[in-house]
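Structure, as structure tokens:
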Amino acid sequence: MSVKSKSIQKKSKDERLRKVSNLKVLLNRPELGALGGSVLVFIFFGIVAGDTGMFSAYGTINFLEVSANLGIIAIAAALLMIGGEFDLSVGSMIGFAGICIAIPAIYWGWPLWSSILFAFSMAVLVGYANGILVVRTGLPSFIVTLAMLFILRGATLALTRLITGRTQVPGLRVLIENDPIAWIFSADAFKGVFTWLGSLGLIALRQDGTPLATGIPASVLWWVGMTIFATWLLMKTRYGNWIFASGGDKLGARNVGVPVGRVKISLFIGTAVAATIYACVQVLDAGSADTMRGFLKELEAIVAAVVGGCLLTGGYGSAIGAAFGALIFGTVSMGIYYTDVDTDWFKVFLGAMMLIAVIFNNFIRRRVTENK
Amino acid sequence: MSNNLVEFNNISKFFGSVIALKDVTMHIKKGQIMCLLGDNGAGKSTLIKTLSGVHKPDEGEIIVDGKQTVFDSPRDALDLGIATVYQDLALVSLMSVTRNFFMGREPMKGFGPFKTFDVNKANSIASERMGQIGIDVRDPSQAVGTMSGGERQCLAISRAIYFGAKVLILDEPTSALGVHQASVVLKYIVKAAASGLGVILITHNVHHAYPVGNSFTILNRGKSMGTFDKKDLSREKLLGMMAGGEELDKLEVELKEIDRTNKN
Ligand SMILES: Nc1ncnc2c1ncn2[C@@H]1O[C@H](COP(=O)(O)OP(=O)(O)OP(=O)(O)O)[C@@H](O)[C@H]1O
Ligand SMILES: [Mg+2]
Chain A
1 MSVKSKSIQK
11 KSKDERLRKV
21 SNLKVLLNRP
31 ELGALGGSVL
41 VFIFFGIVAG
51 DTGMFSAYGT
61 INFLEVSANL
71 GIIAIAAALL
81 MIGGEFDLSV
91 GSMIGFAGIC
101 IAIPAIYWGW
111 PLWSSILFAF
121 SMAVLVGYAN
131 GILVVRTGLP
141 SFIVTLAMLF
151 ILRGATLALT
161 RLITGRTQVP
171 GLRVLIENDP
181 IAWIFSADAF
191 KGVFTWLGSL
201 GLIALRQDGT
211 PLATGIPASV
221 LWWVGMTIFA
231 TWLLMKTRYG
241 NWIFASGGDK
251 LGARNVGVPV
261 GRVKISLFIG
271 TAVAATIYAC
281 VQVLDAGSAD
291 TMRGFLKELE
301 AIVAAVVGGC
311 LLTGGYGSAI
321 GAAFGALIFG
331 TVSMGIYYTD
341 VDTDWFKVFL
351 GAMMLIAVIF
361 NNFIRRRVTE
371 NK
Chain B
373 MSNNLVEFNN
383 ISKFFGSVIA
393 LKDVTMHIKK
403 GQIMCLLGDN
413 GAGKSTLIKT
423 LSGVHKPDEG
433 EIIVDGKQTV
443 FDSPRDALDL
453 GIATVYQDLA
463 LVSLMSVTRN
473 FFMGREPMKG
483 FGPFKTFDVN
493 KANSIASERM
503 GQIGIDVRDP
513 SQAVGTMSGG
523 ERQCLAISRA
533 IYFGAKVLIL
543 DEPTSALGVH
553 QASVVLKYIV
563 KAAASGLGVI
573 LITHNVHHAY
583 PVGNSFTILN
593 RGKSMGTFDK
603 KDLSREKLLG
613 MMAGGEELDK
623 LEVELKEIDR
633 TNKN
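Heads up: the protein sequence lines correspond to chains A and B, in order.
Take the first sequence: its letter number 56 is residue 56 in this note's numbering, and every next letter is one higher.
Plus 372 on top of the position in the second sequence (first one is 1) and you've got this note's numbering.
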């Protein structure tokens with residue numbers, strides 16, 4: 001190529017490249033909808049419920065905790081959805097993991113930490129089973145994990161009744177005290193800060209002088225930690241590139257050497273493990289396991305992921321978006337109690353929000369992927 | 373024998389009741405450009421996919437560098453330095469140019485569990501490589517779905533050339549390219565072969581096949597019609613064999629006929 005034609009090319013490069021503002025770049029990010037939605041939700045409740053105690057330390061911790069619980073499973077569901085699959089067995093896995101912790105600890109005398117580890121190994125097995133079935137049979141994950149939804153819920157109920165004669169397993173609280181790992185899921189963080197704030201009179205106190213909000217719940221830290229980790233995974237690692245590729249075009253990805261099967265199986269293990277983290281948080285917080293725990297959570301996780309910008313068809317989305325999707329969910333579901341609105345309307349809001357999110361995402365996807 | 377880089381020996385491939393390939397034998401030497409020709413559905417893509425690790429042959433053997441080789445996945449083939457431009461390109465349109473270029477073979481930086489995808493290095497290699505075959509990548513983070521058909525094809529080609537250390541397989545790489553761009557790409561393919569690679573080129577365009585190919589294998593309905601050296605084959609004969617020379621002449625007559633009846 002001659003020098004002259006090169007210089008022409010250089011010039012044409014400048015001609016064809018329009019300066020795009022940072023705002024435009026932001027507009028093309030999948031999490032934009034969920035970020036904007038969160039801001040709107042906070043403005044709304046700030047106006048409607050600003051003086052009701054919703055945004056006191058105690059109220060804030062409350063809605064953050066609800067958001068965090070959902071966020072933990074929504075982030076894993078988002079990664080899986082970006083990888084091109086669904087997991088409808090998440091909710092049932094929560095119930096199953098709960099009794100995997102409670103029954104060995106209460107009825108078989110296992111130390112609590114070992115039954116927690118047992119629950120996590122069962123999660124790996126369930127996730128692996130989901131993954132290998134989807135990858136090997138080529139069936140839609142929708143069907144495979146729907147079957148797993150019933151199998152797990154049924155097994156949870158049957159086994160619990162068989163072993164305990166009931167559907168609830170209480171009595172875990174006394175075991176938490178001296179357990180070496182239970183605090184990972186149940187302790188409050190920054191207790192000192194909250195006590196200090198309380199002593200300054202900045203946050204509300206109980207009658208005995210301890211602050212009403214005792215600290216940041218462990219679930220909130222899990223939520224934040226998992227968001228950061230999942231975002232790092234997606235954006236910065238080889239595995240993240242493989243997740244996008246597997247969901248975007250699994251044949252194409254496989255043809256250029258992406259181990260699509262392994263990626264998908266690991267993502268299914270991820271959702272089952274996230275469900276178990278959720279179960280640990282809830283079971284240790286309540287001190288009991290219930291066979292119906294986690295009912296319908298799989299759908300809420302999918303709503304949060306979709307509101308967070310994940311495409312149902314895979315290959316596109318973000319973990320930050322899913323985390324904000326969960327925040328919207330948690331804020332509204334708690335905030336509605338602080339307003340005059342009948343809480344029955346919450347589900348209507350949820351459905352409408354999902355619909356708007358899907359339409360909005362579709363529009364964004366077209367912007368990003370089609371010749372403009 | 374040993375100067376063959378790749379040997380397909382009596383390859384057969386069945387899809388259920390469909391016989392896609394039957395007893396196909398083809399040998400490729402270092403530095404050789406083997407053109408694989410044949411009608412639509414003749415089995416060209418299926419044959420090259422047995423070498424890229426997409427399909428396992430049901431019968432016959434593949435020998436690479438003198439060793440019989442069985443690929444469990446395309447990853448195995450890539451690890452040996454066999455890179456392919458697939459007919460459907462194998463690009464993910466929701467992903468960026470760079471992420472597509474390095475899909476499955478991402479350059480890494482850092483240590484141990486903190487190894488990360490080296491995006492800057494990947495961006496600059498992708499832009500540079502695309503530039504070499506005449507495509508200006510304006511923005512390496514641009515989604516592939518927004519690129520033109522020819523740009524996409526060039527992305528798949530430059531990716532294969534970058535990763536193909538031993539064998540380069542191109543399944544109709546020039547089908548979406550303009551005259552100028554096609555000649556740039558063909559020149560690049562010749563250069564790759566001259567540096568010692570074996571190249572398998574599939575094309576329906578005789579003007580692309582004849583100038584660059586050294587050897588021509590014709591497939592017809594899943595069977596090989598033989599391999600011909602360039603010196604034994606005139607452009608006209610090749611054109612005739614590429615199923616169409618005569619038919620195109622006939623078509624011209626028929627079109628004239630239609631034209632005349634329309635006028636009346
Ligand atoms: N996965 C598959 N399952 C069933 N049949 C297949 C499959 N792949 C290819 N075939 C059949 O095998 C035959 C050869 O297909 P192939 O794609 O190799 O043709 P080709 O020579 O590349 O054609 P073209 O020039 O149109 O690309 C066709 O009849 C096709 O229908
Ligand atoms: Mg083909």
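Glycine included, every Cβ here is placed at the ideal spot set by N, Cα and C.
| Beta-bridge partners of C407/B, as assigned by DSSP | Answer by DSSP bridge pairing, in chain order: L573/B, F588/B.
| request: For my contact list, M475/B and V491/B are in at a C-beta cut-off of 8 Å; report their separation, rounded to the angstrom. | output: Not a contact, Cβ separation roughly 13 Å.
| request: Check whether the Cβ of S186/A sits closer than 6 Å to any heavy atom of ligand 1, and report yes or no. | output: No; taking the cut-off as 6 Å, the Cβ of S186/A has no heavy atom of ligand 1 nearer than that.
| said: Does the distance between the C-beta of V260/A and the nearest non-hydrogen atom of ligand 1 fall short of 6 Å? | reply: Shortest gap from the CB of V260/A to any heavy atom of ligand 1: 6 Å or more.
| task | May I ask you to list the residues that DSSP assigns as paired with P211/A? | result | Within the DSSP secondary-structure output, P211/A pairs in a beta bridge with L205/A.
| Closer than 7 Å from C-beta to any heavy atom of ligand 2: which residues, in chain order? | Residues close to ligand 2 by the beta carbon criterion (under 7 Å to any non-hydrogen atom) are, from first to last along the chain, K416/B, S417/B, Q459/B, D543/B, E544/B, I574/B.
| query | Taking contact to mean at least 3 C-beta pairs separated by less than 8 Å, is the segment 600 to 610 of chain B in contact with the segment 414 to 431 of chain B? | reply | No, they do not touch.
| Residue-chain proximity (E629/B, chain A), Cβ-Cβ < 7 Å | It does not; no Cβ of chain A falls within 7 Å.
| Classification of D543/B by the beta-carbon crowding that lies within 10 angstroms, buried from 16 upward | Burial call: buried.
| query | Is the Cβ of A462/B closer than 7 Å to any Cβ of chain A? | reply | Yes, A462/B lies at the interface with chain A (some Cβ there is under 7 Å from its Cβ).
| message | Does D601/B come out as helix, strand or coil in the three-state DSSP assignment? | response | If DSSP states are grouped into helix, strand and coil, D601/B belongs with the strands.
| Distance cut-off 6 Å: G252/A Cβ against heavy atoms of ligand 1 | Because no heavy atom of ligand 1 lies under 6 Å away, the Cβ of G252/A does not count as near it: no.
| Around the Cβ of S89/A, are there at least 16 other Cβ atoms within 10 angstroms (buried) or fewer (exposed)? | For S89/A, the number of other beta carbons within 10 angstroms of its own is at least 16, and it is reported as buried.
| query | Relative to the alpha-carbon of V348/A, which residue among V332/A, V220/A, L35/A has its alpha-carbon at the smallest distance? | reply | Comparing Cα positions, the closest option is V332/A.
| query | Do you know offhand how far G59/A's Cα is from G453/B's? | reply | Cα atoms of G59/A and G453/B: separation of roughly 60 Å, rounded to the nearest angstrom.
| request: Kindly list, in the order they appear in chain B, the residues whose Cβ is closer than 8 Å to that of P259/A. | output: The answer, in chain order, is S445, R447.
| Residues in the segment 245 to 259 of chain A having any Cβ partner in chain B nearer than 8 Å | Of all residues in the segment 245 to 259 of chain A, those with a C-beta nearer than 8 Å to a C-beta of chain B are A245, G248, D249, L251, G252, A253, R254, N255, V256, G257, V258, P259, reading in chain order.
| Within the present structure, is the beta-carbon of A581/B separated from the nearest heavy atom of ligand 1 by less than 6 Å? | It does not: the Cβ of A581/B is nowhere closer than 6 Å to a heavy atom of ligand 1.
| request: Output the boundary residues of the alpha helix (DSSP H) element that contains I454/B. | output: Where I454/B is concerned, there is no enclosing alpha helix (DSSP H), although the beta strand (DSSP E) it sits in stretches over 454 to 457.
| field | Cβ of R471/B within 7 Å of any chain A Cβ | value | For R471/B, the nearest beta carbon of chain A is closer than 7 Å to its own beta carbon.
| request: Going by CA-CA distance only, name the one from S288/A, D87/A, G37/A that's closest to S266/A. | output: Distance check between S266/A and each of S288/A, D87/A, G37/A places D87/A closest, using alpha-carbon atoms only.
| F535/B and L423/B look like a contact to me (Cβ under 8 Å); what is the Cβ gap, rounded to whole Å? | Contact between F535/B and L423/B is ruled out by a C-beta separation of about 15 Å, above the 8 Å threshold.
| request: Find the nearest neighbour of G438/B within the set Q504/B, N412/B, S496/B, L377/B, judged by alpha-carbon distance. | output: If you compare the alpha carbons of Q504/B, N412/B, S496/B, L377/B with that of G438/B, the shortest gap goes to L377/B.
| request: Assign V396/B to buried or exposed, taking buried as 16 or more other Cβ atoms, counted over all protein chains shown, within 10 Å of its Cβ. | output: A residue is called buried when at least 16 other Cβ atoms come within 10 angstroms of its Cβ; V396/B meets this threshold and is buried.
| task | Please report how far the alpha carbon of G95/A lies from the alpha carbon of A274/A, in whole angstroms. | result | Approximately 13 Å between the Cα atoms of the pair.
| message | Can you tell me whether E177/A is helix, strand or coil according to DSSP? | response | When DSSP states are grouped into helix, strand and coil, E177/A belongs to the coil group.
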